[in-house]
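What follows is a single structure, written as structure tokens, with notes after it.
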Amino acid sequence: MYDHLHNDLLAFDAILDQARTMAGDYLRSLPQRPAAAHLPAELSASIALPADGEGALATLQRFERDHVPLLSGSPGPRYFGFVTGGGTPAALAADWLVSTYDQNAQRNGENGTTLIERQAIDLLRQLLGWPAAWTGACVTGATMANYVGVAMARQWIGHRHGRDVAADGLLGLPPFAIFAGSAHSSTAKALSMAGLGRNTIQSLPLLPGREALDINALERALIERGDQPSIVIASAGTVNTVDFDDLVAIGALKQRYPFWLHVDAAFGGIVAASPSRRGVLAGIEAADSVTVDAHKWLNVPYDCAVIYTAHLPLQIEVFKNHSAYLPAPIVVEDNYLHLTPENSRRFRALPIWMSLLAYGRNGYADIVDRNCEAAQYLGQLIESDSRFKLAAPVRHNVVCFAVNTDKTTTAALQKQLHQDGTAYLSPSVLNGQPILRAAICNWRTTKADIDKTFTTLQKLVS
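Under the numbering used here, the sequence shown has 349 at position 355, and the numbering climbs by one with no breaks.
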């Protein structure tokens, strides 16, 4: 055995102790750590591969010295960029163990990972109150979950025309329509990967002052299609204003018109963890496929999402993989090799399983309710200061606002806040105007974090 490998085998405990120390130092630093890292103007990626190597401890020290300072405080309580959870203690511990156990999570008869995945999928379904008949599978994130949903929709369209698209391809398939209101960009990416084209989405009119789909416009579009099958992509939590399409009304349209309904509930789906807020997801049982992220509001580490579907046999048609060393696919809900794009699969379900069992229904209802209350509070603070203006009503856990003073601009304020480090907010555009967007998804966030963030915003516009 090579010297460094042999030495590291003997020093395994010391290596893990050093990694644990680094992790503990980082986690303890989060309340004070800059929410976003300050990166040098130039970062060189040039590095020479050593002939002999440094060994694990020396390389850990190199990483801590040279690269940890370049990492953000995104698991912390004042990182409000994008839609970013923080990793509960149970989920983080589970994720460490995922790498330790290093299992290939598939139904191969030699490990029990699929039992955990089935239970995790079911626990999440129970938390959200979704149909027991749905099956699910873990994937890397919403983009891949949307891809799986779109690929199943493509196969369903083929069936309507007597074609097996998964086997024979799209060539010769009649044109079909894809309708959406405020579809997330990951949906366009999924359509591109599925060979359907990112430009094929027909963006329909929205309700006045909303990001939600105008149902009357959708029905008119479906009437024009007649009996030709279509795909409808509904939003359950738009990225800027957390708006929800009317899934009850869309479900009613499914009774009259032929379309596959894919619901992108990447982060909005977790709203249903709060019994008092889940009404916005009424009607989701009409969906054919649903995306929900775990590394957003469920607060498990990157990367993890779940794709649910009511059409398990169709899913296997698309993703089955049979060879001399792989058994023929059978239609069972834990046959994950034949349900997702990856053959080799990280044990992503363990953090979901462990966090849901650790904190239960009430723990996750608390996270959602506290985050939504924090967003309402920030919205009230914004409205109380004439130097700011809300860009949209505060829905659930996101606050969109802009600068309302000649002393600075919204874009400049975002850069100043980034440099200050107290909090991080994403820039975005709403109704053609630049805005700042605070997405509050972290289990750690308190009212004090909102006060500290707003005080900093006030200081920066003074």
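Note that beta-carbon positions come from the ideal geometry of N, C-alpha and C, so glycine has one too.
| Check | Outcome |
| --- | --- |
| Between the CA atoms of Arg157 and Met469 - distance to the nearest angstrom | Outside the modelled stretch of the chain, which goes from -5 to 456, sits residue 469, for which no answer is possible. |
| Close-in-space but distant-in-sequence residues of the same chain around Leu306 (CB under 7 Å, 5 per side omitted) | Thr129, Val325 and Glu327 |
| Assigned exposure category for Glu503 - 16 Cβ within 10 Å defines buried | In the structure as shown, the chain begins at -5 and stops at 456. Residue 503 is therefore absent and cannot be evaluated. |
| Top-ranked residue by Cα proximity to Asp379, from Ser229, Ala50, Phe395 and Asp282 | Phe395 |
| Option in Leu320, Pro69, Val388 and Ser317 with minimal Cα separation from Arg438 | Pro69 |
| Beta-carbon contacts of Lys441 that lie in its chain and below 7 Å, excluding the five residues immediately before and after | Ala368 and Tyr371 |
| Rounded C-alpha distance that separates Gly191 from Arg22 | 46 Å |
| Where Ala178 falls, given that 16 or more other Cβ within 10 Å makes a residue buried | Residue identity differs from the one stated: residue 178 is His in this sequence, not Ala. Buried, by the Cβ-count rule. |
| Limits of the beta strand (DSSP E) - the one that Leu255 falls within | Phe253 to Asp258 |
| Residue from Leu118, Leu430, Lys453 and Thr449 with nearest C-alpha to Phe74 | Leu430 |
| Run of the alpha helix (DSSP H) containing Phe261, from where it starts to where it stops | Here Phe261 belongs to no alpha helix (DSSP H), and DSSP marks it neither H nor E. |
| Buried or exposed (CB count within 10 angstroms, at least 16 for buried), Tyr457 | A query on residue 457 cannot be resolved here, the shown segment of the chain reaching from -5 to 456 and no further. |
| For Gly143, the nearest candidate out of Ala182, His390 and Leu275 (CA to CA) | Ala182 |
| The region 375 to 390 in contact with the region 413 to 421 per 3-pair CB rule at 8 Å | no |
| Sequence-distant residues of its chain with Cβ nearer than 6 Å to Val159 (five each side left out) | Arg148, Gln149 and Gly152 |
| Residue from Thr447, Trp291, Ala343 and His332 whose Cα sits closest to the Cα of Cys435 | Trp291 |
| Lys290: first and last residue of the uninterrupted beta strand (DSSP E) it sits in | It is not in any beta strand (DSSP E) - Lys290 carries neither H nor E in the DSSP assignment. |
| Straight-line Cα distance separating Leu64 from Thr25 | Per the sequence shown, residue 25 should be read as Pro rather than Thr. In a straight line, the C-alpha of Pro25 is about 17 Å away from that of Leu64. |
| C-beta contact flag for Asp297 and His289 at 8 Å | yes |
| Rounded separation between Pro323 and Leu164 - CA only | 23 Å |
| Test item: CB-CB of Asp208 and Ser229 under 8 Å | no |
| Alpha carbon of Val286 to alpha carbon of Gln427, nearest angstrom | 29 Å |
| Heavy atom of the ligand FMN within 7 Å of Pro223 beta-carbon | With respect to small molecules bound, the structure shown includes none, and the ligand FMN cannot be examined in it. |
| The beta strand (DSSP E) enclosing Ala88, as first and last residue numbers | Unbroken run through Ala88 is the alpha helix (DSSP H), Pro83 to Tyr95; no beta strand (DSSP E). |
| Bounding residues of the beta strand (DSSP E) (the contiguous stretch that carries Arg431) | Gln427 to Ala433 |
| The alpha helix (DSSP H) enclosing Tyr353, as first and last residue numbers | Ala343 to Ser378 |
| Touch test, the region 213 to 230 against the region 241 to 260, Cβ-Cβ under 8 Å, three pairs minimum | yes |
| Which of helix, strand or coil DSSP assigns to Tyr141 | helix |
| Extent of the continuous alpha helix (DSSP H) to which Gly245 belongs | Leu241 to Lys248 |
| Sequence-distant residues of its chain with Cβ nearer than 8 Å to Ala174 (five each side left out) | Thr181, Ile195, Gln196, Ser197, Leu198, Leu207, Val226, Ile227, Ala228 and Ser229 |
| Pair within 8 Å by beta-carbon distance, Lys248 and Ala280 | yes |
| Beta-carbon proximity check, Leu454 vs Leu411, cutoff 8 Å | yes |
| DSSP-derived helix/strand/coil call for Ile110 | helix |
| N-terminal and C-terminal residue of the beta strand (DSSP E) that Pro323 is part of | Neither: Pro323 is in no beta strand (DSSP E) and is coded neither H nor E. |
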